[in-house]
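**Q** Shown below is the structure under consideration.
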Amino acid sequence: MIERKLIKEKINDYRIQEYILNHFKGSSYSHSIIQKTPLGEKIIIFSSKPGLIVGRGGENVKSIVKLLKEKFEMQSPQVEVQEINEPFLDASIVAEKVAEMLVRMGTSRFKFIGHRIAQNVIDAGGIGVEVKISGKVPAKRSKTWKFLLGYLPKCGYPADVFVKKGYRIAELKPGTIGVTVKILPPNVEMPDDVIIIGKPVITETVEKTSPELNNAKLVAKEPSAIEEAKPGKKADEKTAEKTPAKESKKKEGMKQAKKEKPAKKAPADKEAGKK
631 MIERKLIKEK INDYRIQEYI LNHFKGSSYS HSIIQKTPLG EKIIIFSSKP GLIVGRGGEN
691 VKSIVKLLKE KFEMQSPQVE VQEINEPFLD ASIVAEKVAE MLVRMGTSRF KFIGHRIAQN
751 VIDAGGIGVE VKISGKVPAK RSKTWKFLLG YLPKCGYPAD VFVKKGYRIA ELKPGTIGVT
811 VKILPPNVEM PDDVIIIGKP VITETVEKTS PELNNAKLVA KEPSAIEEAK PGKKADEKTA
871 EKTPAKESKK KEGMKQAKKE KPAKKAPADK EAGKK
C-alpha cells in the first residue's frame, strides 16, 4: 500500500509540473520543484523572466493557485518564483528559444538557428552543447539534425548527473518538431580531470642591513684583532732570541770537524813520500 501511495504522489507531482509548463508557455519558464511542508505544498518556479510569471500585481500567481486548488485538490499551495541569472546555461530555456525561432523563421533556416544557439551557449561559459532538431525539416520525410560544440559526455556518471537536458515542441505547418538540448555547465569536476601539483617552493628570508651598520661592526672588530696580534709578536721575539744561539753552536761544531779531518790524513802523506 505504501508503494502505491508513493507512486500516486509522484504521478500527481508530474501532472502538476506539466500543467505549470503549459500554463506559462512562452514566458521563459525553466522548471518547478514541489516541496511538502507542514503548512501545505510549496511550489518553486524557476524562470529567466520572473516578471512574466508573477504578472501585474501578482495576477498570474493568484490564478495558478486557484487552479491548483480546484484541479489537483491542493489545500494551501504556496507559489514562489526564482530568477535564473544565465538563461543560456539552462537547457529548458534554450530549447524553448529554439522552438520559438523555428515558429518565427520557419524550417528553411533551421541550420542557422542550431549553429547560433550552440555558439551562444559556448559564449555564456558552457563546456559543451548539443542541439537536436527532429521532424520534417526541411523535406517531407522526418529527419534528425544535430549541432554539436565543445565537449559533451554521452554515457556514464557524468552524462547522467552533470549534463542538463531540456525538451520542447514546436507546432508548424509541416507537423510537430521536437527540440532537445543538452548542456554541460561550467565549474563541473569531471572524473577524468587531472590536477598537476608542482614541487613545493622554498622561500628564504634575507635580512637587509644598511652600510652604516656594517661599518660599525668592522670598527668594533678592529681592536680585538690588534690585541690578538700582540702576543704573537712576543712569541716571534722569543724564537728569534733562541735561533742565534743554536746557529753559533752549529758553526763551532763544523770548525772542529774541519780541524780533525786533516790531522788524520797526515800519516798517509808521509808514507807516500817515503815510497
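Following our numbering, the numbering of the sequence shown begins with 631 at its first residue and continues without gaps. We treat Cβ as the ideally placed atom computed from N, Cα and C, and that holds for glycine. Note that the structure is a prediction, hence the values are computed from the model and not measured.
So, is residue 798 buried or exposed, given that buried needs 16 or more other C-beta atoms within 10 angstroms?
**A** buried
**Q** Using CA atoms only, rank isn't needed, just tell me which of 768, 764, 782, 784 is closest to residue 776.
**A** 764
**Q** What does a CB cutoff of less than 6 angstroms around residue 682 pick up in its chain, not counting 5 residues either side in sequence?
**A** 657
**Q** Out of curiosity, what's the CA-to-CA distance linking residue 705 and residue 667?
**A** 12 angstroms
**Q** Based on the DSSP output, what are the partners of residue 774 in its beta bridges?
**A** 764
**Q** For residue 721, collect the residues of the same chain with a Cβ closer than 6 angstroms to its Cβ; drop the 5 residues on either side in sequence, then sort them by chain order.
**A** 794, 795, 796, 811, 813
**Q** For residue 647 versus residue 660, is the C-beta distance shorter than 8 angstroms?
**A** no
**Q** Ends of the beta strand (DSSP E) at residue 801?
**A** 794-801
**Q** Do you know offhand how far residue 689's Cα is from residue 632's?
**A** 38 angstroms
**Q** Is it buried or exposed, residue 760, if we count other Cβ atoms within 10 angstroms and call 16 or more buried?
**A** buried
**Q** Could you have a look at residue 710 and say whether DSSP puts it in helix, strand or coil?
**A** strand
**Q** Which ranges would you report for the beta strand (DSSP E) in the region 680-749 if only whole runs of at least 3 residues count?
**A** 708-713
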